[in-house]
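Protein sequences, first through last, are from chains A and B.
Just add 60 to wherever you are in the first sequence, counting from 1, and you've got the numbering used here.
Just add 3 to wherever you are in the second sequence, counting from 1, and you've got the numbering used here.
Ideal Cβ positions, reconstructed from N, Cα and C, are used throughout, including at glycine.
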Amino acid sequence: MTESAETQQHPVAGNRFVAIWTSVIGKKVVMAVTGAVLILFVIAHMVGNLKIFSGQEEINAYSRFLREVGWPELGYGQLLWLVRIVLLVCAVLHITAAVQLTRMNWRALPVGYENRKDVETTWGAVTMRWGGLLLAVFIVFHLLHFTGGLVGFQSGQFEHLMVYQNVVAGFSVLPISLFYIVAMGALCLHLDHGIWSMFQTLGWVTVQNTKSIRTFSRLVAIIIFVGFISVPISVLAGWLR
Amino acid sequence: MNLTLKIWRQQNAKASGAFVTYQVQGVTPDMSFLEMLDLLNENLQAKAEPPVAFEHDCREGICGACGFLINGVAHGGRRGTTVCQLSMRFFKDGDSVTLEPWRARAFPVLRDLAVDRSPFDRIIQAGGFITAPTGGAPEANNILVPKDSAETAFDAAACIGCGACVAACPNAAAMLFTAAKVTHLNSLPQGQPQRDRRTLSMVAAMTNEIFGSCTNHGECEAVCPKKIPIEFIGKMNRDLIHATLHHRGD
Ligand code: HEM
Ligand code: FES
Numbered sequence: 061m062t063e064s065a066e067t068q069q070h071p072v073a074g075n076r077f078v079a080i081w082t083s084v085i086g087k088k089v090v091m092a093v094t095g096a097v098l099i100l101f102v103i104a105h106m107v108g109n110l111k112i113f114s115g116q117e118e119i120n121a122y123s124r125f126l127r128e129v130g131w132p133e134l135g136y137g138q139l140l141w142l143v144r145i146v147l148l149v150c151a152v153l154h155i156t157a158a159v160q161l162t163r164m165n166w167r168a169l170p171v172g173y174e175n176r177k178d179v180e181t182t183w184g185a186v187t188m189r190w191g192g193l194l195l196a197v198f199i200v201f202h203l204l205h206f207t208g209g210l211v212g213f214q215s216g217q218f219e220h221l222m223v224y225q226n227v228v229a230g231f232s233v234l235p236i237s238l239f240y241i242v243a244m245g246a247l248c249l250h251l252d253h254g255i256w257s258m259f260q261t262l263g264w265v266t267v268q269n270t271k272s273i274r275t276f277s278r279l280v281a282i283i284i285f286v287g288f289i290s291v292p293i294s295v296l297a298g299w300l301r
Numbered sequence: 004m005n006l007t008l009k010i011w012r013q014q015n016a017k018a019s020g021a022f023v024t025y026q027v028q029g030v031t032p033d034m035s036f037l038e039m040l041d042l043l044n045e046n047l048q049a050k051a052e053p054p055v056a057f058e059h060d061c062r063e064g065i066c067g068a069c070g071f072l073i074n075g076v077a078h079g080g081r082r083g084t085t086v087c088q089l090s091m092r093f094f095k096d097g098d099s100v101t102l103e104p105w106r107a108r109a110f111p112v113l114r115d116l117a118v119d120r121s122p123f124d125r126i127i128q129a130g131g132f133i134t135a136p137t138g139g140a141p142e143a144n145n146i147l148v149p150k151d152s153a154e155t156a157f158d159a160a161a162c163i164g165c166g167a168c169v170a171a172c173p174n175a176a177a178m179l180f181t182a183a184k185v186t187h188l189n190s191l192p193q194g195q196p197q198r199d200r201r202t203l204s205m206v207a208a209m210t211n212e213i214f215g216s217c218t219n220h221g222e223c224e225a226v227c228p229k230k231i232p233i234e235f236i237g238k239m240n241r242d243l244i245h246a247t248l249h250h251r252g253d
């Protein structure tokens, strides 16, 4: 059951980066590395968001800081754009590898079982694909919403760099807050499986440490979830106004 | 006890199959699952009907010939147990039991519950060996094997190649099988000279046979009759990354 000559895998392809991308394991490694970059960003983002509890001044100053940092070596907003480009490249690679691997996996199992029971897997693991897709939709919405102010605001309500006011106004809309909370639930599930999976893909999981890595993965996922949803919940509850 | 069996029947690789329901009477708790099927086949042959084809050889859990899904779980769902070791005392009178062959594009059904597992042979041919000069047996202590390397290699070598990992995998991946074989030889000093090439070749062979790739669900480990841990997949991943980045070609 082998494929035609040009789709055959050769043990040693010429360029090593090409070799990584053409191997099924290599594609997972790309997903793990880009996933790790995205997670580090997500953690930093969450910690940044929590500044809203220190008050208006604090978070709005933080927003300006993100644009001014690096001065005078870097111009206004240059570092921010650099980070955005890295994140975009990571997201594109992550999603491309996910789609390609998923298609290969469907091809490997053309006839499903009449009845096959899962005995081991987790909620996180089985929702990676659909949950990931929801995250992609969320990311686009989120950028249009709080970065661009293009959706979810009445005209003139959104003001660039006025993070506190924008967040309170944005989350006062109940369906939008709920969407954020659901999306963070999806992120929590994605990371519960994803962080452990990343260590496994990179070969750092051993029989001895596997339990601790799973616990660590779950813990980080829950902390990220709670950290993010604390903001819309506080707005809905009227603690932030 | 009496059982109702719902079994996948398929004439040959090209025919389309279907489930057929049978009744077996007089099953005793001390029978093995395969002995219960032998009983069914005797009844079928007495009625001049074709017996249900299933693979078996050692009937003591060491050869890897047997295997199919029982009620949705490969080898029947008792940890560390092959179908041939599965005892009928785990079933009750009146139970209804579904038997389905391994399903994967790489494992086409040959007949009934028997599938073609020769892709595994080709993965082994790609690198599941060491190259050593022939001749008189060398002095056993010439190559010292550290205890933990020996243990890891032995745990990996326990794989009998039954294919349950592929069958249980939602992606029909052969990662656990390949990882066990790679880990076995890559852990030993005798396996070091060909380590990078072995890993690259076996993973390439696995991909070329149209197995899927791993999403770390752990279903394979759960049904493995030899309890091969999925951490060996992590070890193979690591060896593959190393080999891809450092292999010099030969
Ligand atoms: C945007 C759309 C996304 C899609 C479609 C997507 C899809 C996937 C899929 C299919 C997997 C492999 C599933 C598995 O191993 O079972 C995966 C793994 C992973 N994802 Fe995502 N994902 C997305 C976004 C994200 C984001 C935003 C992050 C980080 C915050 C992330 C972090 C990870 C990590 C760390 C892994 C584990 C990689 C590995 O298995 O080594 N993903 N993703
Ligand atoms: S018949 Fe040998 S392992 Fe079952």
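Quick one: residues in its chain with C-beta nearer than 7 angstroms to the C-beta of residue i, no 5 flanking neighbours on either side, listed in chain order?
| i | result |
| --- | --- |
| E128(A) | Y136 |
| A160(B) | H187 |
| Q225(A) | E219 |
| G20(B) | W11, R12, Q13 and V112 |
| G192(A) | A158 and H250 |
| R125(B) | A208 and E212 |
Can you give the Cα-Cα distance for residue i and residue j, rounded to whole angstroms?
| i | j | result |
| --- | --- | --- |
| T90(B) | N46(B) | The question names Thr, but residue 90(B) in the sequence shown is Ser. Rounded to the nearest angstrom, the two C-alpha atoms are 20 angstroms apart. |
| F214(B) | Q48(B) | 36 angstroms |
| C168(B) | A156(B) | 19 angstroms |
| G287(A) | E154(B) | 44 angstroms |
| V223(A) | K88(A) | 37 angstroms |
| E63(B) | G164(B) | 15 angstroms |
| Q26(B) | V55(B) | 13 angstroms |
| E255(B) | P32(B) | The question about residue 255(B) has no answer here: the residues shown for chain B are numbered 4 through 253. |
| T210(B) | G139(B) | 38 angstroms |
| E63(A) | N5(B) | The predicted position of E63(A) is uncertain, since its pLDDT is 41 and thus under 50; no value can be drawn from it. |
| L72(B) | D60(B) | 18 angstroms |
| E52(B) | D41(B) | 14 angstroms |
| S99(B) | V118(B) | 23 angstroms |
| H250(B) | T101(B) | 48 angstroms |
| S294(A) | V107(A) | 16 angstroms |
| A123(A) | L221(A) | The amino acid occupying residue 123(A) in the given sequence is Ser; Ala does not appear at that position. Their backbone Cα atoms lie some 6 angstroms apart in a straight line. |
| S277(A) | T162(A) | 23 angstroms |
| Q306(A) | F259(A) | Look at the range of chain A in this structure, 61 to 301, and you will see that residue 306(A) is not part of it. |
| W299(A) | E117(A) | 16 angstroms |
| E60(A) | E224(B) | Look at the range of chain A in this structure, 61 to 301, and you will see that residue 60(A) is not part of it. |
| Q195(B) | N219(B) | 27 angstroms |
Confirm the yes/no value for this check: CB of residue i, any heavy atom of the ligand FES, distance under 7 angstroms.
| i | result |
| --- | --- |
| T85(B) | yes |
| G97(B) | no |
| C227(B) | no |
| R81(B) | no |
| A68(B) | yes |
| I73(B) | no |
| R62(B) | yes |
| H59(B) | yes |
| I3(B) | Shown here, chain B extends from 4 to 253; a query on residue 3(B) therefore has no answer. |
Check whether the Cβ of residue i sits closer than 7 angstroms to any heavy atom of the ligand NAD, and report yes or no.
| i | result |
| --- | --- |
| G164(B) | This structure does not include the ligand NAD; its bound ligands are the ligand HEM and the ligand FES. |
Less than 6 angstroms between C-beta atoms, sequence neighbours within five positions excluded: which residues of the same chain meet that for residue i?
| i | result |
| --- | --- |
| V97(A) | C150 |
| I289(A) | I241 and M244 |
| K184(B) | G131 |
| Q88(B) | G64 |
| A157(A) | K87, V90 and M91 |
| M61(A) | In this prediction, M61(A) has a pLDDT of 39, which is less than 50 and means its spatial position is unreliable; what the coordinates show is noted afterwards. Correct list: empty, nothing qualifies. |
| T85(B) | G64, C69, H78 and P228 |
Taking beta-carbon pairs under 9 angstroms, can you tell me which members of the segment 211-228 of chain A lie near chain B?
none
Runs of alpha helix (DSSP H) lying entirely within the segment 224-273 of chain A, each at least 4 residues, in chain order
234-261
Counting only Cβ-Cβ distances shorter than 7 angstroms, please list the residues of the segment 269-281 of chain A near chain B, keeping chain order.
T270
Check each residue of the segment 223-234 of chain B: if its Cβ is closer than 9 angstroms to any Cβ of chain A, include it; give the result in chain order.
C223, E224, A225, V226, P232, I233 and E234
Residues of the segment 165-177 of chain A whose Cβ lies closer than 9 angstroms to any Cβ of chain B, in chain order:
N165, W166, R167, A168, L169, P170, V171, G172, Y173, E174, N175, R176 and K177
Secondary structure, alpha helix (DSSP H): runs of 4+ residues fully inside the segment 30-88 of chain B
36-49
At a CB distance below 8 angstroms, what residues from the segment 234-263 of chain A approach chain B? Give them in sequence order.
H253, W256, S257, F259, Q260, T261, L262 and G263
Any chance you could list the alpha helix (DSSP H) runs of at least 4 consecutive residues sitting entirely within the segment 199-247 of chain B, in chain order?
222-226
Taking a Cβ distance cut-off of 9 angstroms, strictly less, list which residues of the segment 209-220 of chain B are near chain A, in chain order.
M209, T210, N211, E212, I213, F214, G215, S216, C217, T218, N219 and H220
Can you pull out the residues from the segment 84-109 of chain A whose beta carbon lies closer than 8 angstroms to at least one beta carbon of chain B?
V84, I85, G86, K87, K88 and V89
Contact set between the segment 13-25 of chain B and chain A, restricted to residues whose Cβ is under 9 angstroms from the partner
F22
Give the list of continuous beta strand (DSSP E) stretches no shorter than 3 residues that lie fully inside the segment 161-204 of chain B.
none
Entirely within the segment 86-170 of chain B and at least 4 residues each: give me those alpha helix (DSSP H) ranges in chain order.
121-130 and 150-160
With 8 angstroms as the limit, tell me which residues of the segment 63-76 of chain B have their beta carbon closer than that to any beta carbon of chain A; keep them in chain order.
L72, N74, G75 and V76
Uninterrupted beta strand (DSSP E) stretches inside the segment 91-132 of chain A (no shorter than 3 residues):
none
Output, in sequence order along the chain, the residues in the segment 178-189 of chain A whose CB is closer than 7 angstroms to any CB in chain B.
D178, V179, E180, T181, A185 and M188
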